[in-house]
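Asks: Residue numbers (full-length UniProt numbering): 1 to 450.
Just so you know, even glycine gets a beta-carbon here, dropped at the ideal spot from N, CA and C.
Pasting a structure here, questions to come.
This is the structure we're talking about:
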């Protein structure tokens, strides 16, 4: 196994695993094909109605359901199409529309496998499930990825991959077509699973071995040099009460494969401290829950302020004096940027108990919101740091640091944080000479920038 794969998968998800314990019918238009499909309507209205928003941008996505001789996918293509492309609460596109301020959603590829143009295709490989969760060798990567390469080859007659080579360079990149693979069996990142149960670690990666990189319709896919990143996940969570994977870990790995975002939890010293804790999807917000009956990852928290800024989903404002901040779940969500040096700055945002930030209930069973203060160091936000998972490796020198209002739980032990990490009246309402008079918690918070 190459070093990139080792760092971004096995250690990545061992770190995430800790945080598990913390804590009708509607119609939607297919963006790429203008085909109207029917999706199941969730009865949970706590995150609002299904979204009718049309995103400003999208990336085509193909989800491949992969079965094996000894393990089959148990849910239908339509179930997965709804979960990934649906716009009802706890569905992936509903999540991405909210956290991007209606700037982004995934669109369905044009395909003729199974249910035509639902963005999901099914493949059975004539091999056994690669249940090799403890094997950190090249053999693991080559075995798993060779199977995924074969899966795409089986779909060649159903999809014209050349249609997605927008720059006609002979390679498919992550921003031209995003590939995800739903692997039959269970998800190791969700819980500790014995070797007698077929399972796999969710991760994002690419293929370095040129012998197994597929070339279909005269274009290559999944290659590292060509930025053909992809993601894969186990189909099921919870071996005692099995259910389809929740969207949190899917959204997290797509944060890597689609947007090149780094992990923001601490990978050093076996994850001895929490990085940004639960306050961002690229930290431990992956496993957000809005109440004790919710499934981990069913209500993932918002991306942190920096991730949204990096993705160009919000433009920070620079202000002095009295001002306001609108909550993350609103289309009027805003950020304040306060420069420090040429390579560092603060970001301020309102993390209210609303929308997908209800997932911050997973902190300690209570969350009422507050203002988050982020310190950003761009010298730690290079591609090298992204690739070796060192953005937040140092507790004292993070690339993306939540400046905790109360003495830091996140910085000193494995902890997702708590609501007292945020600024609000009744907790801490000022920070040095930077700002003061932070208001009570709510959908709109006021403060004074000094």
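#1: Where are the beta strand (DSSP E) runs, 3 residues long or more, that stay fully inside the stretch 350 to 392, in chain order?
#2: Okay, do the stretch 294 to 311 and the stretch 423 to 430 touch, 3+ Cβ pairs below 8 Å being the bar?
#3: Could you pull the start and end residues of the alpha helix (DSSP H) that residue 98 belongs to?
#4: With C-beta atoms as the reference, is residue 260 less than 9 Å away from residue 386?
#5: Can you tell me the Cα-Cα spacing of residue 159 and residue 201, whole angstroms?
#6: Using only the alpha-carbon positions, how far apart do residue 126 and residue 366 sit?
#7: Take residue 111 and list the residues in its own chain whose beta-carbon comes closer than 6 Å to its own, dropping the five residues that flank it on each side.
#8: So, helix, strand or coil for residue 163, using DSSP?
#9: Quick one: Cα of residue 353 to Cα of residue 382, how far?
#10: Rounded to the nearest angstrom, how far is the Cβ of residue 172 from that of residue 219, given a contact under 8 Å?
#11: Would you list the residues sitting across from residue 434 in a DSSP beta bridge?
#12: Quickly, what does DSSP pair residue 60 with across the bridge? List them, please.
#13: Would you mind sorting residue 280 into buried or exposed? The rule is 16 or more other CB atoms within 10 Å of its CB.
#14: What do you reckon, are the CB atoms on residue 237 and residue 186 nearer than 9 Å?
#15: Would you be able to state if there are at least three C-beta pairs under 8 Å between the stretch 344 to 352 and the stretch 312 to 325?
#16: Does the structure place the stretch 391 to 405 close enough to the stretch 322 to 337 that three or more beta carbon pairs sit under 8 Å?
#17: Which residues in the same chain have their Cβ closer than 6 Å to the Cβ of residue 65, if we skip the five residues on either side of it in sequence?
#18: What is the DSSP secondary structure of residue 244, counted as helix, strand or coil?
#19: Between the stretch 242 to 259 and the stretch 296 to 311, are three or more C-beta pairs nearer than 8 Å?
#20: Taking just the CA atoms, how far does residue 145 sit from residue 331?
#21: On the CB-based measure, 16 or more other CB atoms within 10 Å of its CB, does residue 390 come out buried or exposed?
#22: Is residue 61 closer than 9 Å to residue 106 when the C-beta atoms are compared?
#23: Starting from residue 138 and walking both ways along the alpha helix (DSSP H), at which residues does that stretch end?
#24: Could you give the residue range of the beta strand (DSSP E) that holds residue 184?
#25: Which residue wins for smallest C-alpha separation from residue 113, given the options 164, 307, 156?
#26: Go to residue 79, then tell me how far its alpha helix (DSSP H) extends in each direction, as first and last residue.
#27: Around the Cβ of residue 257, are there at least 16 other Cβ atoms within 10 angstroms (buried) or fewer (exposed)?
#28: Compare the C-alpha of residue 254 against each of 431, 282, 363 and name the closest.
#29: For residue 27, is the classification buried or exposed, using 16 other Cβ atoms within 10 angstroms of its Cβ as the cut-off for buried?
#30: How about residue 214 and residue 152: are their beta carbons less than 9 Å apart?
#31: Taking the beta carbon of residue 190 as the centre, do at least 16 other beta carbons fall within 10 Å, making it buried, or is it exposed?
#32: With C-beta atoms as the reference, is residue 277 less than 9 Å away from residue 86?
#33: Tell me whether residue 448 counts as near the ligand MG, meaning its Cβ is closer than 8 Å to at least one heavy atom of that ligand.
#34: How would you write the range of the beta strand (DSSP E) that residue 446 sits in, first residue to last?
#35: Which runs of the alpha helix (DSSP H) at least 4 residues long sit entirely within the stretch 260 to 333? Give them in chain order.
#36: Nearest by alpha-carbon distance to residue 70: which of 199, 83, 149 is it?
Replies: Walking through what the data contain:
#1: For the stretch 350 to 392, whole beta strand (DSSP E) runs of length 3 or above, ordered along the chain, are 371 to 377.
#2: Judged by Cβ distances under 8 Å, the stretch 294 to 311 makes no contact with the stretch 423 to 430, as fewer than three pairs qualify.
#3: In the chain shown, residue 98 corresponds to position 98, counting from 1. Here the alpha helix (DSSP H) through residue 98 covers 92 to 99.
#4: Walking along the chain shown from the start, residue 260 turns up at place 260. Walking along the chain shown from the start, residue 386 turns up at place 386. Contact flag set, yes.
#5: As a position in the chain shown, residue 159 is number 159, starting the count at 1. As a position in the chain shown, residue 201 is number 201, starting the count at 1. If you take the alpha carbons of residue 159 and residue 201, they lie about 27 Å apart.
#6: Along the chain shown, read from residue 1 onward, the residue named residue 126 stands at position 126. Along the chain shown, read from residue 1 onward, the residue named residue 366 stands at position 366. Distance from the CA atom of residue 126 to the CA atom of residue 366, rounded to whole angstroms, is 48 Å.
#7: Reading the chain shown from its first residue, position 111 is the one you call residue 111. Correct list, in chain order: 121, 158, 159.
#8: Here residue 163 refers to the residue found at position 163 of the chain shown. In the structure shown, the three-state DSSP call for residue 163 is helix.
#9: As a working mapping, residue 353 is identified with position 353 in the chain shown. As a working mapping, residue 382 is identified with position 382 in the chain shown. Rounded to whole angstroms, the separation of the alpha carbons of residue 382 and residue 353 is 32 Å.
#10: Numbered from its first residue, the chain shown carries residue 172 at position 172. Numbered from its first residue, the chain shown carries residue 219 at position 219. For a cut-off of 8 Å, the C-beta gap from residue 172 to residue 219 is around 5 Å, short enough to register as a contact.
#11: Working through the chain shown from its first residue, we reach residue 434 at position 434. Looking at the DSSP output, residue 434 sits in no beta bridge, so it has no partner there.
#12: Taking the chain shown and counting its residues from 1, the one referred to as residue 60 is at position 60. Residue pairing for residue 60: DSSP places it in a beta bridge opposite 107.
#13: Counted from its first residue, the chain shown places residue 280 at position 280. Counting Cβ neighbours within 10 Å, residue 280 comes out buried, since at least 16 surround it.
#14: Working through the chain shown from its first residue, we reach residue 237 at position 237. Working through the chain shown from its first residue, we reach residue 186 at position 186. In this structure, residue 186 lies closer than 9 Å to residue 237 by Cβ.
#15: For the pair of segments examined, the stretch 312 to 325 was found to touch the stretch 344 to 352: the number of CB pairs separated by less than 8 Å reaches three.
#16: The answer is no - the stretch 391 to 405 does not touch the stretch 322 to 337, with fewer than three Cβ pairs under 8 Å.
#17: Working through the chain shown from its first residue, we reach residue 65 at position 65. The residues are 73, 122, 182.
#18: As a first step, residue 244 must be located in the chain shown, where it is residue number 244. Per DSSP, reduced to three states, the secondary structure at residue 244 is strand.
#19: Enough Cβ pairs lie closer than 8 Å, so yes.
#20: Against the chain shown, residue 331 aligns to sequence position 331. Against the chain shown, residue 145 aligns to sequence position 145. For residue 331 and residue 145, the distance between alpha carbons rounds to 39 Å.
#21: Walking along the chain shown from the start, residue 390 turns up at place 390. Buried.
#22: For the purposes of this step, residue 106 is taken as the residue at position 106 of the chain shown. For the purposes of this step, residue 61 is taken as the residue at position 61 of the chain shown. Yes, they are a contact pair.
#23: Looking up residue 138 in the chain shown gives position 138. Per DSSP, residue 138 is one residue of the alpha helix (DSSP H) stretching across 138 to 154.
#24: One-based indexing of the chain shown puts residue 184 at position 184. 178 to 187 is the span of the beta strand (DSSP E), which, as asked, contains residue 184.
#25: As a first step, residue 113 is located in the chain shown; it is residue number 113 there, counting from the start. The closest CA to that of residue 113, considering only 164, 307, 156, is found on 156.
#26: Against the chain shown, residue 79 aligns to sequence position 79. It spans 77 to 85 - the alpha helix (DSSP H) in which residue 79 sits, taken as one unbroken run.
#27: Numbered from its first residue, the chain shown carries residue 257 at position 257. By the C-beta density criterion, residue 257 is buried, having at least 16 other C-beta atoms within 10 angstroms.
#28: Position 254 of the chain shown holds residue 254. With distances taken between Cα atoms, residue 254 lies closest to 282.
#29: Residue 27 sits at position 27 when you count from the first residue of the chain shown. Summary for residue 27: the model assigns pLDDT 26, below 50, so the residue's position carries little reliability, and this model does not support an answer.
#30: Residue mapping note: residue 214 aligns to position 214 of the chain shown, counting from 1. Residue mapping note: residue 152 aligns to position 152 of the chain shown, counting from 1. Yes.
#31: The residue labelled residue 190 in the question sits at position 190 within the chain shown. Buried.
#32: For the purposes of this step, residue 277 is identified with residue 277 of the chain shown, where counting begins at 1. For the purposes of this step, residue 86 is identified with residue 86 of the chain shown, where counting begins at 1. No. Outside cutoff.
#33: The ligand MG is not among the ligands present in this structure, which contains no ligands whatsoever.
#34: Counting from 1 along the chain shown, the entry for residue 446 is found at position 446. Looking at the DSSP string, the run of the beta strand (DSSP E) that includes residue 446 is 444 to 449.
#35: When DSSP assignments are scanned along the stretch 260 to 333, the uninterrupted stretches of alpha helix (DSSP H) that are 4 or more residues long and fall wholly within it turn out to be 305 to 310.
#36: The residue given as residue 70 occupies position 70 in the chain shown. Of the candidates 199, 83, 149, the one whose C-alpha sits nearest the C-alpha of residue 70 is 199.
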